[in-house]
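Step one of this worksheet: look at the structure below.
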Amino acid sequence: MSAATETKTEANTKTVENATCTFCGCLCDDMVLTVDVDAHKITKAKNACVLGKALFLSHEEEDRPFALIDGKPATLKEGVEEAAQILTNARFPMFYGMSDTTCEAQRQNVALVDMVGGTIDSTTSVCHGPTGMALQGVGESTATLGEIKNRADLVIYWGGNPAESLPRHFARYAVTAKGMYTPRRKKDRTIVNVDVRRTKSTPVADIFIQVKIGADFELLWALRALVKGRKVAPDIEKRTGVSLETMQDLVERMKNCRYGVLFFGMGLSMTRGRHFNAAAILSLASDLNEYTHFIATPMRGHGNVSGADMVVSWQTGYPFAVNFSRGYPKFNPGEFTATDMFARGDADAGLILAADPGSNFSQYAIDHMKKIPMIVLDPKLTHTAKLAKVAITTSHYGINTGGTAYRSDGVPIELRPCLESKYPSDEEVIRAIYKRVEQLLKAKKKTKSANNKRRKAA
Amino acid sequence: MSLKLTLKKKPSVPVEAESICPDVMEGLDLKQIAALPLHHGNEQVTVGDFFKVTGKSNGEIRLEGDTSRFKMVGDSMSRGRILIKGSIGQHVGVHMSGGEIIVAKNASDWVGPEMSGGRIIVKGNAGHMVGCAYRGGQVGVTGGEIIVHGNAGNEIGNTMRDGLIAIGGNSGDFTGVGMLAGTVIVLGKMGWRNGAAMKRGTIVSMEDAEMLPTFTYACSYRPNFLRLYLRHLRDAGLPIKDAWINGSYHRWSGDSIALNRGEALIFDR
Amino acid sequence: MGSTLRIVNGRVYDPANNVDGKTRDICIKDGKIVKSVPPKTKTIDAKGMVVMPGGVDIHCHIAGAKANIARKLQPDDHRRDVMRRLDLKKINTRSGTGGTVPSTFTTGYRYATMGYTTAMEAAVPPLLARHTIEELEDTPVIDKGFYILMGNNVLLYQMLQEGRHEEIRNAVAWWIDSTKSYTTKLVNPGGDEPWKGHRNATITQLNDKIDGFEQLTPRKIITSMVSAVEDLGLPHPVHIHCNNLGHSGNYKTTLETMKAADGRRIHVTHIQFHSYGGKPDENPTSKAPAIAEYINNNPNISADVGQVMFGKSTSMTADAPLAWMLTRYSSDQRWVNADTECESGCGIIPFAYQEHVYTHALQWAIGLELFLLSKDPWRMVLSTDHPNGGTFTSYPRLIRTLMDKEFRKEQMNSVNQKAVAKIKRAHHMEREYTLQEIAIVTRAGPARILGLKNKGHLGPGADADITIYDEHEDKELMFSAPRYVLKDGKLIIDNHEFKNNHEGKLLHVSPDYDEGIKDVIRPFVEDFYTIKFDNYAVSDNYIHHHEVIPTTK
Amino acid sequence: MAETMILIPGRTTKQGVGLIESKFKKQYRVATTTVEVNVEDMARLGLKEGGKVKMRSADGVITVKCTGRKAEDLPPGILFIAYGPPTSKLMGKDTAASGMPLSKHLEVELERVN
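Residue numbers (numbering that gives the first Met the number 0), protein chains in the order written: chain A, 0 to 457; chain B, 0 to 268; chain C, 0 to 552; chain D, 0 to 113.
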């Protein structure tokens, strides 16, 4: 971090400029944070949205033990030792999470899972994993958010509610943002919202298209057919709740815009049809490139979930759901994804890094997690930490710890921490576990080969 | 007398068992077979660690016990036969090119992915992705047949290019999605969005199905080839009704988003 | 304390020092080549072996945003080509997957096991440099650097439009310095504006006006960048991917681009893809002779070939309109487009070159023609534009194709005959590359073109990046499996076995610039990018093992 | 009287803010235990604003409070609730080889409590 951006204003306060808020995938990097050094608190978070304000202003380092083993306070060293023992003895450990931590920690985590021969999956699988699978089927046409800000004159939000989940999306990137070819902001754009219900995002739209629940795929498919000049079945309105005229109007707008964008949310990726819904919207955007420049891009929730995709991809070749049991990476969503492995009862241990599956996985998965030794790294007490054998308290990325996070469009940003923490970073803890597991595995290997020799001799 | 593998103990985590395959075991004595590798999670063990090995290796393998956690049985199998007395785990018959696998109970997800020949019969239910391509693959099954007596899940025959898949019960969503050619027959009811993006090939169902808006009704007729297929399936033990063999079918053509050369034949009651 | 090593009895090919197959000792101390080492030193007996500097890849796509999308896109490509984790005595290696776009660890290990010790990632949008650096850090053993895309940079366009040349030079220097990159790359200069903003068109003539910038043409962009890079004294000149890649008749564009340099240094990359005759939208013909002749006669030009190799490839390029055009010829459904704000485009499609296809066979033959017609191997070096023409793991086969005319003829006879009928009979098809010439086109030449004074040779002061091959009749075998590979003096491959891991360096340039340029760039970034200017530059936190290559100024 | 409806769990700002504060404190708990119901559906089922309802899926059952939404905002037969531990109880285990059970299209039976 360069010194120029950190200025001491008074004796007991300092300001950190250009800090990044890691709450959601927008990863806004224009925070101006005022820190009361003595009170160890952030007192102002200029430019932050309601979620960002909550993140920074309510940040308080809880006075928690460095580690909990079976719910009892323990030292960090004891926590690391217990974690290492669990991982060394596991045959099919599941590593999950990674959305709320730095790429540096993610990189170490993949190294650890590679060494122990476990399976790794990120929170991608519960948000836009299906979009990743769709990419593998049909490709995508996408862009960084600045290109959208500068050029997009038709913006379609489909199956997502950024007003609540990504509060600055409109102002920074796509609706009221001022861009090179969109100097008059919203006046230079047409905004469309497609959803099964009216949400807080609906009012920004010039056109709201209400699709029947469960009919997104049919609507997208009909739009693709119309774009290609094919007919669609006459009962399409009955099926989708959207009239043919509305569809044709939208198709004309899409074909005639200068730069169009389809933003989509979990209303597509997590409803019936999942990866095919995502493939349908990606294909629609690709089809439209016969007529104009068009892109489609998912709206992603967690701060650095994109970073997890990136790191796992560059280290293994696959974005998520990667298994190392055989000493090399294997990919198969449905087989090596975390909820499957827990709910099916496959995993015999787990390491959860910066995520809380104990609150958002199915009860089946949670019930299995309770049966096996789980390790959790998190700054806070979570549902998962409560069911874990080992819970290690770590510092908060972005606030206490620097490092890299990837915005949902793949732009990497260096975080600027503003507060020190007594707790170690995720990266440090994972490194410590790695080191200890490495020793234990070497010892195990030695005993094993000695035993084999003895057996052979006998 | 065939080779018999009797499960001694249940694995604590799934086992990758591609060694359990006639191509691998043929010509080996019992001791050699017991020494073949299995992968119990990240630990390499042997066939003998989990199974009592008896009989003689003559191209036929019988698996006894609850083998529902054994994956990849019959991987790349080209000949011989595997008889599975219980249920079987994922990827049974993956990349199979010949021979026969018979599962007496249920099969998990990925039955016969990317197979090119041979036959898999599942007497119970099968999971998702029967006869499909793995993610990213542009071509799925290129030959052979898969017959499931019970129900099956989503994406049956995803991007298949040739061969036959028959489901005695119901199938899940996206049956025959992205088919390039080949035949999928579902005696029961299909789920949503069948044949999406199919280029060529045939999907048959004996129950009503809602077609995608990009399929068009063409005609009703009595397809000759289907009689042959149905008789063949009757011989294979599926409960084929005479009415289906002699009956008329609604022919839908699609998917107009792709080549529009595929067809869905829905039995006309 | 210094570790020393002596390689004895090997036949040394060190063209930069005029050593052509002589038996010489090579002495190593502390990772560098030295004149002598004490007599009691560990030795490698290279009797009957060939000793060369480590290979240098001047142009490949191995790391960063587009490589990573290409990886994610193709699990089908990785599944059958995996790399196991090794438990070595000293250190463990990492597992990975291969295929046409290998994972980072596999990329590093595979380059090393092939005897290559340096590779340059050739196309990085500056905004995403941080990503590339992170991936390169996870690319073991080899040294590496990268080129930033500057041919479609909107701020530079504005400056150029207004003739602010001084600022352009400073801005380019700032961009090179703050991204920790090696040089500037121009890809289809001027093509992004019509692509992104004007119904997916591209630019086809060097003198075409660029949409939205009435005073600008590709020619102006090229000449301005050549001047800026020359003035800055970057060790490697502008690295140019010409307009009209892949289109019939594009050799004229290529010749015009080279002429536009007006005697100043430029590097024209994957020139095979730019050497086509014929009319647009019709089948191409070979114009390799015209291109080779121009380069032979103009010492200011260097080029790498961009050889096409048959089999699976991945087309991934900053030339987005090109990828869009290629979708017409691909049976794979997948197409990726990825725009980077104010800087670049990107297109990716899985592809396969097939012997029986006219165009593919012709492309393959044109590449060979360029090699065989080249009179100066120092300026026409080896590449496949990995993974566009083929993967880097196909270099050994390409080397055999160059060294062994019978092998070449065999292949010529098995490809589309209509495509190669004329080329087959040409006199130059009889030429066979010597080991010395191979040493030039795979290491000494690229190192010299890159301005890497410590690479590509075995003289004192050079980095001890050394490859030792068993001499073998089958040159593909020989070059695919070196007996020993040393990186910075460390034995990575020992008697054909991977024995040691190593962390390679990031090679980058840090030119001087007037700090005032930041005040010019800042408002543009604040207005038209989506990250703060102060978060744009890659901080030193990202730089661990690295070397700053000096400018010539 | 119970009626089959489709439940959509999703993110809300309140849930987001609550989650930052603590998943074990009131704001989060309230946010994740209040289901939005079309007012016409409410009237038909005899539900009162703030009243308790039971939602039962094939995999679990939860009891939450309900709040009305205008018919043009939330179509009949559709329910909305913020994501949280309660909605996890309603999810199945089958992911159909996609990595996640359906989380935003849950068939539930809605019933008044008391």
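Glycine included, every Cβ here is placed at the ideal spot set by N, Cα and C.
Residue-level contact check: A30 of chain D does not touch chain B, since none of the beta carbons of chain B fall below 8 Å from its beta carbon.
In this structure, G117 of chain B and G139 of chain B do not form a Cβ contact; the two beta carbons are roughly 15 Å apart against a cut-off of 8 Å.
Beyond the five residues adjoining it in sequence on each side, A387 of chain A comes within less than 7 Å, by CB distance, of M373, I374 and V375 in the same chain, given in chain order. When DSSP states are grouped into helix, strand and coil, H545 of chain C belongs to the strand group. Rounded to the nearest whole angstrom, the CA to CA distance from I365 of chain A to T42 of chain C is 60 Å.
Of all C-beta pairs linking the segment 162-173 of chain A to the segment 22-38 of chain A, three or more are shorter than 8 Å, placing the two stretches in contact.
Straight through space, the alpha carbons of H367 of chain A and G344 of chain A are spaced by roughly 6 Å.
Here A456 of chain A is exposed, its C-beta having fewer than 16 other C-beta atoms within 10 Å.
Counting only unbroken stretches of 3 or more residues, the beta strand (DSSP E) elements lying wholly within the segment 106-176 of chain B are 118-121, 144-147 and 163-166, in sequence order. The Cβ of Q137 of chain B sits closer than 8 Å to at least one Cβ of chain C. Between T138 of chain C and G107 of chain C, the gap from beta carbon to beta carbon is short of 8 Å. Straight-line spacing of the CA atoms in G136 of chain B and M197 of chain B works out to 15 Å.
S56 of chain B is positioned such that its CB atom lies no closer than 8 Å to that of L35 of chain B.
By the 16-neighbour rule on beta-carbons within 10 angstroms, P10 of chain B is buried. It is roughly 10 Å from the alpha-carbon of Y433 of chain A to the alpha-carbon of L86 of chain A. DSSP places D120 of chain A within a strand segment (E or B) once states are collapsed to three. For C65 of chain D, the enclosing beta strand (DSSP E) covers residues V60 to R68. Given a length threshold of 4 residues, each whole run of the alpha helix (DSSP H) inside the segment 292-361 of chain A is given here in chain order: 304-315, 337-342 and 356-359. A distance of 8 Å or more separates the beta carbons of M324 of chain C and K65 of chain C.
In this structure, DSSP gives S140 of chain A an extended state, which the three-state scheme calls strand.
Apart from the 5 residues on each side of it in sequence, I256 of chain B sits with its Cβ closer than 7 Å to the Cβ of A196 and T213 in its chain, given in chain order. Interface residue (Cβ-Cβ distance to chain D less than 8 Å): Y156 of chain A is not classified as such. For R183 of chain A, the secondary structure class from DSSP, reduced to helix, strand or coil, is coil. One thing to note: I77 of chain D has its Cβ no nearer than 8 Å to the Cβ of T33 of chain D. Residue environment analysis places T392 of chain C among the buried positions, since at least 16 neighbouring C-beta atoms fall within 10 angstroms of its C-beta. Counting of Cβ neighbours within 10 angstroms places Y220 of chain B among the exposed residues, the total staying below 16. Counting every other CB atom within 10 Å of its CB across the protein chains shown gives K179 of chain C a total of 16 or more, marking it as buried. Against R184 of chain A, chain D offers no close residue; the least beta-carbon distance is about 23 Å (beta-carbon pairs closer than 8 Å). Distance from the CA atom of M477 of chain C to the CA atom of E354 of chain C, rounded to whole angstroms, is 25 Å. By the CB criterion at 8 Å, G245 of chain C and P279 of chain C fall outside the cutoff. In the three-state reduction of the DSSP assignment, N17 of chain A falls in the strand class. Annotation for G211 of chain C: E192 place their beta carbon closer than 6 Å to its own, counting only its chain and skipping 5 residues before and after. For N534 of chain C, the closest of A:N17, A:T12, A:N11 and A:K13 by C-alpha to C-alpha distance is A:N17. A204 of chain A counts as buried, since at least 16 other C-beta atoms from the protein chains shown sit within 10 angstroms of its C-beta.
Within chain A, no residue has its beta carbon less than 7 Å from that of S204 of chain B; the closest one is some 18 Å off.
Under the Cβ criterion of 8 Å, D108 of chain B is counted among the residues facing chain D.
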